[in-house]
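Below: one structure, written as structure tokens.
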Amino acid sequence: MKARARADGGRVAGDGAESVIRFPDALPGLEGAHAWQLVEHPEALPFLWLRSVDRPPLALLVVDPRVIRPDYAPNVSAGDLERIGLAPGAPRIDLVVVTLREGGRATANLRAPLLINPEKMLGAQVILTDPSWPLHHPIAGAGAEAGGTGRSRTCSSSAGNKGSRSSSGSASRSRSSESTASR
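Read left to right, the sequence shown gives residues 0 to 182 (numbering that gives the first Met the number 0).
Below, the structure is given as structure tokens:
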């Protein structure tokens, strides 16, 4: 998959229709947002923005969970995999939603990963029943790398606005994304 440059310096994975990841069931709390694109800002790697095509400027800050927990191996049901056209053991992309909190802290929701079928570009958020995967797993030092400013903010922001802050300097907030980020 090629990457397409954006005016804000970010890059969208893929080009045109092939870059759109469809979430047929939408993400909890974000009804109406079924089409998403992964946007990469080189200075924020390994963090990515999952930007809504249906509801701009809505975007979720995400990361591969194995970057923060190399032992991350969630038990995903065959039914959850079937929702996105995957067989057990088939290649998939796992991402988790990141929330930037007060004092530059960041947490990742390991309990509700986003699973993506890279061949069919289908995705789903699954809610794991295993309590060993926390909703708010701390990410050491992530606030600065992810564009954090020490202010609390959710993952809803303009993907094109690297700092995701309004012109007044206050953090962007969205009730619907707080709901998703905390799940």
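Quick reminder that beta carbons are idealized off the backbone N, C-alpha and C, glycines included.
Helix, strand or coil for GLU30, going by three-state DSSP, please let me know. Annotated three-state conformation of GLU30 is coil, per DSSP.
Report buried or exposed for SER18, applying the criterion of at least 16 other Cβ atoms within 10 angstroms of its Cβ. In the assembly as shown, SER18 is a buried residue. Its beta-carbon has 16 or more other beta-carbons within 10 Å.
When the Cα atoms are used, what is the spatial distance from PRO130 to ALA123? For PRO130 and ALA123, the gap between their C-alpha atoms comes out near 20 Å.
Any chance you could list the beta strand (DSSP E) runs of at least 3 consecutive residues sitting entirely within the stretch 100-148, in chain order? Secondary structure within the stretch 100-148: the beta strand (DSSP E) runs of 3 or more consecutive residues, fully enclosed, are 105-107, 113-116, 121-124, 136-138 (chain order).
If contacts are defined as beta-carbon pairs under 8 Å, then ALA107 and VAL125 qualify, I think. What distance do you get, rounded to the angstrom? 15 Å between Cβ atoms; not a contact.
Considering only C-alpha positions, which residue in the set ARG68, ARG21, VAL75 is nearest to SER51? Ranked by Cα distance from SER51, the first of ARG68, ARG21, VAL75 is ARG21.
How is SER51 classed by DSSP in three states: helix, strand or coil? Of the three classes helix, strand and coil, the one that applies to SER51 here is strand, per DSSP.
With H, G and I counted as helix, E and B as strand and the rest as coil, what does DSSP make of ASP24? Coil.
In whole angstroms, what is the alpha-carbon distance linking LEU80 and PRO73? Their backbone Cα atoms lie some 12 Å apart in a straight line.
State the DSSP-derived secondary structure class of VAL19, mapped to helix, strand or coil. In this structure, VAL19 counts as coil in the three-state DSSP scheme.
For VAL66, report the span of its alpha helix (DSSP H) as first-last. It spans 64-67 - the alpha helix (DSSP H) in which VAL66 sits, taken as one unbroken run.
For LEU80, does the three-state DSSP call read helix, strand or coil? In the three-state DSSP reduction, LEU80 falls in the helix class (H, G or I).
Should VAL97 and VAL62 be called a contact, given that it needs their Cβ atoms to be closer than 8 Å? VAL97 is a Cβ neighbour of VAL62, given a cutoff of 8 Å.
Bridge partner(s) assigned by DSSP for LEU44: None, per the DSSP bridge assignment.
Let me check understanding here. Comparing Cα to Cα, which of ARG68, LEU44, PRO64 lies closest to PRO112? Checking every option, the nearest Cα to that of PRO112 belongs to PRO64.
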